[in-house]
Amino acid sequence: MRSETIADAVPHPGEAAAPTRGTSAGAPARAKGRATPGLVFAYVCVVVAALLFAVPLVYALLSALKPNDQIFAVPPTLTGDEVRWGNFADVFRFGPFWTYIGNSFFVAIAGTLVVNIVSTTAGYAFGRLRWRGRDVVFVLFLVTLMVPQEVLVVPVFQLMQWFGWVNTPQALILPFAFTAFGTFLMRQFFRGIPYELEEAARVDGAGPLRTFGMIILPLARSAVAVLTVFTFISFWNSYLWPLIVVNDYGYLGTLPIGLATFSGQFGTRWDLQMAASVISMVPTAILVIVLQKHLVKGIATAGIAGR
Amino acid sequence: MTATSAPEAPLRQRSRSRLRRIESRQALGFISPALVGLTVFTIAPVFLSIVMSLYDWPAWGTRSFVGLGNYVDLFTSHPDFWPALRNSAIFTLGFVPLNLAVSLSLALLLAPRIKGRAAFRVLFFIPVVTPMVANVLVWKMLLQPNGLFNGISTSWFGIELPSFLNHPQWAMVMVIVMSVWQGMGYNMLIFCAALEQLPEPVLEAARIDGAKGWRMFTKITLPLLSPAIFFTTVMTMITSMQVFAQPQLLTGGGPGNATLPIVMFIYDQAFTFQKMGLAAAAAWILFAIIIGLTALQFSAQKRWVHYEV
Chain A
11 MRSETIADAV PHPGEAAAPT RGTSAGAPAR AKGRATPGLV FAYVCVVVAA
61 LLFAVPLVYA LLSALKPNDQ IFAVPPTLTG DEVRWGNFAD VFRFGPFWTY
111 IGNSFFVAIA GTLVVNIVST TAGYAFGRLR WRGRDVVFVL FLVTLMVPQE
161 VLVVPVFQLM QWFGWVNTPQ ALILPFAFTA FGTFLMRQFF RGIPYELEEA
211 ARVDGAGPLR TFGMIILPLA RSAVAVLTVF TFISFWNSYL WPLIVVNDYG
261 YLGTLPIGLA TFSGQFGTRW DLQMAASVIS MVPTAILVIV LQKHLVKGIA
311 TAGIAGR
Chain B
212 MTATSAPEAP LRQRSRSRLR RIESRQALGF ISPALVGLTV FTIAPVFLSI
262 VMSLYDWPAW GTRSFVGLGN YVDLFTSHPD FWPALRNSAI FTLGFVPLNL
312 AVSLSLALLL APRIKGRAAF RVLFFIPVVT PMVANVLVWK MLLQPNGLFN
362 GISTSWFGIE LPSFLNHPQW AMVMVIVMSV WQGMGYNMLI FCAALEQLPE
412 PVLEAARIDG AKGWRMFTKI TLPLLSPAIF FTTVMTMITS MQVFAQPQLL
462 TGGGPGNATL PIVMFIYDQA FTFQKMGLAA AAAWILFAII IGLTALQFSA
512 QKRWVHYEV
């Protein structure tokens, strides 16, 4: 896979706001601005697809605002007799929903912090420093990327038992915070930074930690941003691992777990379930809307990097 | 760290190797958190898992060595194992082509200068980043016998739809459809990026030669996109063999075991029935299958993937 493209494609600071490069495919240059039949067709298709696609999202939002007994009204209605914004408040009365949200934020933020520290330092060692055995260790890192989560959950759960970590915050954060993916991403980025910068800093008397913290890291801001968003989202949405390692949901349940138990406990309260679902969708949706330019590039590069 | 004495000409060789040593030490400092973490949480568990798969290994209590017994058990006597493998295979066969077709079509449709294309991208991408559990709950509601789909169908057209989640075949179809809705935005973004990077000279040359429409698409665009298609196919196949949350929450693996995928089988064996050794063995079989399929795709890529230069 084309490793060099990652450093190129991860947006550099400064050019982040620049419009997307490249001409769009398929549209001949002379058709600029004119409504060709092809373009009209594309518009129609995209709009229809978007409408179909949005049905579940809109339905979730509308249902979250209905009284419970009107959700399954036949024929289906757009809104209930009254718009119940109160459902969103009721969610917090029905379960320890604040705990779920708090736990999710804590785990996602702490996990992202660990991933960033580990990935940037290791990426620096692989990308900027010369040491014996570097390439061998790097290959070892890459190989671990291939081990699937299903192979890991059973023995890692056994480890957690041995450590006495079952039902602890660190068990939610640490086991999947040392992925080689972040290291790989940062290494690729660091390699693209000119060596002269670093040498100048060293000649001026900066030690390795200072060079790393004051020269290299600031230059890698956008790569760090991409890694941060991806890591945050993956911790925020993680379901299988919390399901396994947490047994007291009221204490350590994260949002996905909370939503799932909601379904068991209040199976008939669809209105609250939908309100809770909508609430849980908001943070990452905002993240994507705000950072969409970075994300398009980030997904492309991270995707090509083999995630 | 600053006090490296000025190297003198005859000593240059020695001083360089000393710098080398210093740099190695620094590297060790930078790398050690990652190395320790990876060893404890990935490398050691891999070996532990191999060992576990050879034991009758309950979550608590005494373990006994059974050799390849777990593997033999799975293949010969476990009632759910083959169905679980079959279900994962059916899911993959349904999900991968549908996902690629939808995501590629949308990326191509968005490629011309469609106004508000960033907004469309975000819309299609949102289910990828929202919690899977929330997505599934919404779909569970849509698919209820008195949910939106059946509600519209009966009251507008007078057609009673099947009870999707209680029907063995429909349940799997709906797991696939829901998963495509949920996950296709990811591949769509990859295709969007690939389309933006198509080499303009090649496209221009093809246009001058009179290629357009369908011919342009099949003879030029598609071959140019083939590396991206290959990449997304491989990755999507790997992740779809690992499907868990959608069937677990939408159907609970049912009705019967009609939508029970292999990862849910592993989860159930390890954490419901406390047979961690058996689960570890099943996980290794799954891993072997994934590796095998991936290798197969890599060896087949020569036939249809065109790399430039």
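If you read the sequences in order, they're chains A and B.
If you count by my numbering, then the first sequence holds residues 11 to 317, one letter each, in order.
If you count by my numbering, then the second sequence holds residues 212 to 520, one letter each, in order.
For glycine and all other residues, C-beta sits at the position ideal for the given N, C-alpha and C.
Here the structure is a predicted model, which means the values were calculated and not measured.
Partner residues in the beta bridge of B/Ser275, as assigned by DSSP, are B/Asp267. The region 258-275 of chain A makes contact with the region 338-348 of chain B, as at least three CB pairs between them are under 8 Å.
The Cβ atoms of B/Trp495 and B/Ser275 lie no closer than 7 Å to each other. Within 9 Å of the CB of A/Ser232, no CB atom of chain B is found; the nearest one sits about 16 Å away. Scanning its chain for C-beta atoms nearer than 7 Å, with the 5 sequence neighbours on each side dropped, one finds around A/Ser287 the residues Ala70 and Leu269, in chain order. In the three-state reduction of the DSSP assignment, B/Lys430 falls in the helix class, which pools H, G and I. Taking a C-beta distance under 7 Å as the contact criterion, B/Ile419 and B/Ala295 do not qualify as a contact pair. Listed by position along chain B, the residues whose Cβ is nearer than 7 Å to that of A/Glu160 are Gln453, Val474, Ile477, Ala494 and Leu497. Between B/Asn310 and chain A, the shortest Cβ-Cβ separation is not below 7 Å.
Taking 7 Å as the threshold, the shortest C-beta distance from A/Arg140 to chain B falls below it. Measuring C-alpha to C-alpha distances from B/Lys486 to each of B/Pro256, B/Arg236 and B/His289 identifies B/His289 as the nearest. Per DSSP, the beta bridge partners of B/Lys486 are B/Pro269. Per DSSP, A/Glu208 is one residue of the alpha helix (DSSP H) stretching across Tyr205 to Val213. Of all residues in the region 367-386 of chain B, those with a C-beta nearer than 9 Å to a C-beta of chain A are Trp367, reading in chain order. The beta-carbon distance between A/Phe188 and A/Val255, rounded to whole angstroms, is 16 Å. This is too long to meet the 8 Å contact definition. Per the C-alpha coordinates, the member of B/Met399, B/Ala300, B/Ser314 and B/Gly463 positioned closest to B/Asn377 is B/Gly463. Under the three-state reduction of DSSP output, B/Leu311 falls in the helix class. For B/Asp291, the number of other beta carbons within 10 angstroms of its own is at least 16, and it is reported as buried. Within the region 341-354 of chain B, those residues whose Cβ lies closer than 7 Å to any Cβ of chain A are, in chain order, Thr341, Pro342, Met343, Val344, Ala345, Leu348, Val349, Trp350, Met352 and Leu353. Around the beta carbon of A/Trp251, 16 or more other beta carbons sit within 10 angstroms, so the residue counts as buried.
Contact with chain B is found for A/Ile299, since one of that chain's Cβ atoms lies less than 7 Å from the residue's Cβ. In this structure, the straight-line span from the alpha carbon of A/Asp214 to that of B/Arg236 is close to 21 Å. Apart from sequence neighbours up to five positions away, the residues of its chain that approach B/Leu353 with a beta-carbon distance below 7 Å are Leu359 and Phe360, ordered along the chain.
One Cα belongs to A/Trp246, the other to A/Ile296, and the distance between them is close to 13 Å. In this structure, B/Met343 places its C-beta atom within 7 Å of the C-beta atom of B/Ala456. In the three-state reduction of the DSSP assignment, B/Pro438 falls in the helix class, which pools H, G and I. Between B/Phe402 and B/Ala318, the C-beta spacing is below 7 Å. A distance below 7 Å between beta-carbons, with the five flanking residues on each side excluded, links B/Ser314 to the following residues of its chain, in chain order: Met395, Asn398, Met399 and Phe402. With a threshold of 16 other beta carbon atoms within 10 Å, B/Thr287 falls short and is exposed.
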